[in-house]
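What follows is a single structure, written as structure tokens, with notes after it.
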């Protein structure tokens, strides 16, 4: 696979690459460049975490990239997840690993933040902080999933300094996180050269939309389009508008049936979003089953064809929803089964399920 082919794979799912030319340079100079994504252990796994994230990891691995999954336990503590209980946070992290294994994630490094925070780590944190203004740090606080006016503790200001340091501590050539984390990644590009380190390439992926559809921008980003995508993301802290990897076939069908899906409209339509980013990334085609009086069954092997037919009003939202629900259930089924049949996984699931999730 040549450099252009590798770059095309990344481009196929990236919402933003800073910069594409630098990404090509990384591929030209390194056979196995390093990237990472970090997760605060908190709550049950939903589609973005348990299905979409593994799909992107597998895509990146095709290019030779080495992937590190950062279990950000101390970050979860700072962000008051799981009531700030470190023992609970660690158990949720173990549950996360079981989710990824069940989703077929292989050949990755699982790294606990708390086990990596040595003397050199904290030295880098201070170096990053000394080269970051208070105003810049305040702008970065939205990576915690909170708006600037929600911050109450000094510890929360450590968070962006630590996340920026993670990139260098893990020796990442590329950062590969959600679009909602871009501010910390861009800070790493700004600060890296100032402290004698490098400027990582930033690859930000799409945020799957909640079942409720688009929301008005809530102030996470200056760019209105990016702000809307972040504000509208599927969030496990809002279970009514999320699908979880433990949901039954009936629950998935019911949630999808009630989802926002305006007729003929593609933009900000969550069902079309799932078709594009989950179904066509996982399967070669999507089959829409319909009675003959409504046109009969139709098979799409390309999202563009589905998009065209739907926008022309030739495909009813209910028929699209039925097909998407069936395919999402196929994606969730092996993960759900793992947690039903493997004792350790089942115990971790019940532990997390019974914990009070704090935001």
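Numbering (my numbering), first residue to last: 38 to 396. Every residue gets a Cβ at the ideal spot worked out from N, C-alpha and C, and that includes glycine.
- Every alpha helix (DSSP H) of 4 residues or more that sits fully in the region 100-175 is shown, in chain order, as 110-115, 123-139, 150-153 and 156-167.
- Residue 62: not part of any beta strand (DSSP E); member of the alpha helix (DSSP H) spanning 57-66, first to last residue.
- By the neighbour-count definition (other C-beta atoms within 10 Å, threshold 16), residue 289 is a buried residue.
- The Cβ atoms of residue 192 and residue 126 lie no closer than 8 Å to each other.
- Residue 163 counts as exposed, since fewer than 16 other C-beta atoms from the protein chains shown sit within 10 angstroms of its C-beta.
- By the C-beta criterion, the region 359-368 is judged not to be in contact with the region 52-70, since fewer than 3 inter-stretch pairs fall below 8 Å.
- The region 213-268 contains, as complete beta strand (DSSP E) runs of 3+ residues, the segments 238-242 (chain order).
- Cβ-Cβ separation between residue 137 and residue 91: approximately 6 Å, consistent with a contact (criterion under 8 Å).
- For residue 270, the secondary structure class from DSSP, reduced to helix, strand or coil, is strand.
- Around the beta carbon of residue 336, fewer than 16 other beta carbons sit within 10 angstroms, so the residue counts as exposed.
- Annotation: residue 269 to residue 262 spans about 11 Å, alpha carbon to alpha carbon.
- Annotated three-state conformation of residue 350 is coil, per DSSP.
- For the pair residue 369 and residue 82, the Cα-to-Cα distance works out to about 11 Å.
- Residue 200 places its beta carbon 8 Å or farther from that of residue 232.
- Taken through DSSP and simplified to helix, strand or coil, residue 82 comes out as coil.
- Only residues of its own chain outside the window of five on either side were considered, and among them 250 and 251 have a CB closer than 6 Å to the CB of residue 305, listed in chain order.
- A distance below 8 Å separates the beta carbons of residue 334 and residue 326.
- Residue nearest to residue 58 within the set 44, 213, 168 and 38 is 44 (criterion: CA-CA distance).
- Inclusion of residue 46 and residue 96 in the CB contact set at 8 Å is warranted, their separation being smaller than that value.
- Distance from residue 206 to residue 161 at the Cβ level is roughly 6 Å; contact confirmed, criterion being Cβ atoms closer than 8 Å.
- Beta-carbon to beta-carbon, residue 80 and residue 273 are separated by about 5 Å, close enough to satisfy the 8 Å threshold.
- Put simply, the region 384-394 touches the region 120-134. At least three CB pairs are less than 8 Å apart.
- Of the candidates 75, 38 and 124, 75 places its Cα closest to the Cα of residue 147.
- Within the same chain, Cβ atoms closer than 6 Å to the Cβ of residue 111 are found at 150 and 151, the five residues on either side in sequence being excluded.
- Look at residue 320 here: in three-state DSSP terms it is coil, with no helix or strand label.
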